[in-house]
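Undergrad:
Numbering (my numbering), first residue to last: 1045 to 1323.
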């Protein structure tokens, strides 16, 4: 565990400044292109989990590249049309993560490769749109939402290790427990209370979300997003198990693949972007 932990930390130390630098100092175009590369790599990793043959896998990856370039061109050339399309993507993603994925895993369905492939586009492209649009709204807003996912993940890990007894989904991810989920929700509740206090102490980008009775609604929404992040994590684990893989790839030393790092974000960011648009 020691060398693996050191490798994980070193990888994070290298990647985090790049991501934060682009988030806060990069141009809109630079951030969009970074998010596009992230999405395309995640799409390549997803194609390895679908059960495609070599030629079908290449066709899927080519289709993913074409879709990504088309979306990026639309964002650049016609923002007025991009936003409604992104909004529709968030709605589809919300239904997918809240209703379809839990049913899919419960029924233990292993669909045809192309069905899994289409599901992969629902997993990846609304997340990409949310990365772009939330960052345009405010880098701090995007960081606050991503931090919610990271806080939930870390709290679930430590609470699960310390108190874990009842397994959440033993057939999918034996290490996850209900106690871990409760730990995640408690940590996100504390995070929400801290943000509420900050939002009232001084004017920050999150202040409008916590005004008046909005504070309780915002914290409830944060708890719902934490629950959805668990679904995102479990779904990628389920796909990997079905494909007989431990990691989505070996691109990030100590972490596995890009999908392994953003699995919870794929579920959380589109739903968060949808909630932000309502707010």
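Every residue, glycine too, gets a C-beta built ideally from N, C-alpha and C. Predicted, not measured: the structure shown is a model, and the values here were computed from it.
Mind the definition here: the stretch 1221–1237 touches the stretch 1293–1311 only if three or more C-beta pairs lie below 8 Å; say whether that holds.
TA: Touching, no.
Undergrad: Quick one: residues in its chain with C-beta nearer than 8 Å to the C-beta of residue 1180, no 5 flanking neighbours on either side, listed in chain order?
TA: Indexing the chain shown from 1 puts residue 1180 at position 136. 1072, listed in sequence order.
Undergrad: Report the rounded CA-to-CA distance for residue 1317 versus residue 1114, giving the unit in angstroms.
TA: Numbered from 1 along the chain shown, position 273 holds the residue referred to as residue 1317. Numbered from 1 along the chain shown, position 70 holds the residue referred to as residue 1114. About 21 Å.
Undergrad: When you compare each of 1189, 1086, 1088 to residue 1250 by their alpha carbons, which one comes out closest?
TA: For this step, residue 1250 is matched to residue 206 along the chain shown. Among 1189, 1086, 1088, the Cα nearest to that of residue 1250 is on 1189.
Undergrad: Give the C-beta separation of residue 1198 and residue 1278 to the nearest angstrom, bearing in mind that I take them to be a contact with Cβ-Cβ under 8 Å.
TA: Indexing the chain shown from 1 puts residue 1198 at position 154. Indexing the chain shown from 1 puts residue 1278 at position 234. Their Cβ separation, rounded to whole angstroms, is 17 Å, which puts residue 1198 and residue 1278 out of contact at 8 Å.
Undergrad: Any heavy atom of the ligand MN within a distance shorter than 7 Å of the CB on residue 1283?
TA: Questions concerning the ligand MN fall outside what the structure shown contains, since it holds no ligand whatsoever.
Undergrad: On the premise that residue 1203 lies in contact with residue 1223, defined as a C-beta separation below 8 Å, what is that separation, rounded to the nearest angstrom?
TA: For the purposes of this step, residue 1223 is taken as residue 179 along the chain shown, with counting starting at 1. For the purposes of this step, residue 1203 is taken as residue 159 along the chain shown, with counting starting at 1. Right, their Cβ atoms sit about 6 Å apart.
Undergrad: Can you give the beta carbon distance from residue 1292 to residue 1054, rounded, assuming they're within the 8 Å contact cut?
TA: As a first step, residue 1292 must be located in the chain shown, where it is residue number 248. As a first step, residue 1054 must be located in the chain shown, where it is residue number 10. Contact flag wrong, Cβ pair sits at about 20 Å.
Undergrad: If you pair each beta-carbon of the stretch 1126–1145 with each one of the stretch 1206–1213, do three or more pairs fall below 8 Å?
TA: Short answer: they don't touch.
Undergrad: Is it buried or exposed for residue 1010, if we count other Cβ within 10 angstroms and need 16 for buried?
TA: This structure does not reach residue 1010, given that the chain is present from 1045 up to 1323, and the question cannot be answered.
Undergrad: Could you spell out the range, first to last residue, of the alpha helix (DSSP H) harbouring residue 1083?
TA: Taking the chain shown and counting its residues from 1, the one referred to as residue 1083 is at position 39. Unbroken alpha helix (DSSP H) run through residue 1083: 1072–1091.
Undergrad: Using 8 Å as the Cβ pair cut-off and three pairs as the minimum, do the stretch 1161–1169 and the stretch 1097–1115 touch?
TA: At 8 Å Cβ cutoff, the stretches touch.
Undergrad: Can you list, in chain order, the residues of its chain with a C-beta nearer than 8 Å to that of residue 1111? Leave out the 5 residues immediately preceding and following it.
TA: Here residue 1111 corresponds to residue number 67 of the chain shown, with the count starting at 1. Here the set comprises 1165, 1169.
Undergrad: Is it true that the CB of residue 1186 sits closer than 8 Å to the CB of residue 1067?
TA: Start at 1 with the first residue of the chain shown, and residue 1067 comes out as number 23. Start at 1 with the first residue of the chain shown, and residue 1186 comes out as number 142. Result yes, Cβ atoms of residue 1067 and residue 1186 sit closer than 8 Å.
Undergrad: If I measure Cβ to Cβ from residue 1091 and keep anything under 6 Å in the same chain, skipping five residues before and after, which residues do I get?
TA: Indexing the chain shown from 1 puts residue 1091 at position 47. Closer than 6 Å at the Cβ level, and outside the excluded window around residue 1091, lie 1101, 1104, 1105.
Undergrad: From the DSSP output, read off the bridge partner residues of residue 1211.
TA: The residue given as residue 1211 occupies position 167 in the chain shown. Looking at the DSSP assignment, residue 1211 forms a beta bridge with 1221.
Undergrad: Note down, in chain order, each residue of its chain lying with its Cβ closer than 6 Å to the Cβ of residue 1045, except the 5 sequence neighbours on either side.
TA: Locating residue 1045 in the chain shown gives position 1, counting from the first residue. Legend: pLDDT at residue 1045 = 49, less than 50; position of this residue unreliable, value from coordinates given subsequently. So no residue of the chain qualifies.
Undergrad: On a CA-only basis, which of 1285, 1184, 1240, 1213 is nearest residue 1265? Give me that one, please.
TA: Translated into positions along the chain shown, residue 1265 becomes position 221. Ranking the options by Cα distance to residue 1265, first place goes to 1240.
Undergrad: For residue 1051, collect the residues of the same chain with a Cβ closer than 8 Å to its Cβ; drop the 5 residues on either side in sequence, then sort them by chain order.
TA: By one-based count along the chain shown, residue 1051 stands at place 7. Counting only Cβ-Cβ distances below 8 Å, and skipping sequence neighbours, we find 1297, 1298.
Undergrad: Run through the stretch 1159–1188 for me and flag every whole beta strand (DSSP E) of 3 or more residues, listed as ranges in chain order.
TA: For the stretch 1159–1188, not a single whole beta strand (DSSP E) run of length 3 or above is found.
Undergrad: How should residue 1290 be labelled, buried or exposed, when 16 other C-beta atoms within 10 angstroms of its C-beta is the threshold for buried?
TA: By one-based count along the chain shown, residue 1290 stands at place 246. Per the 10 Å Cβ criterion, exposed.
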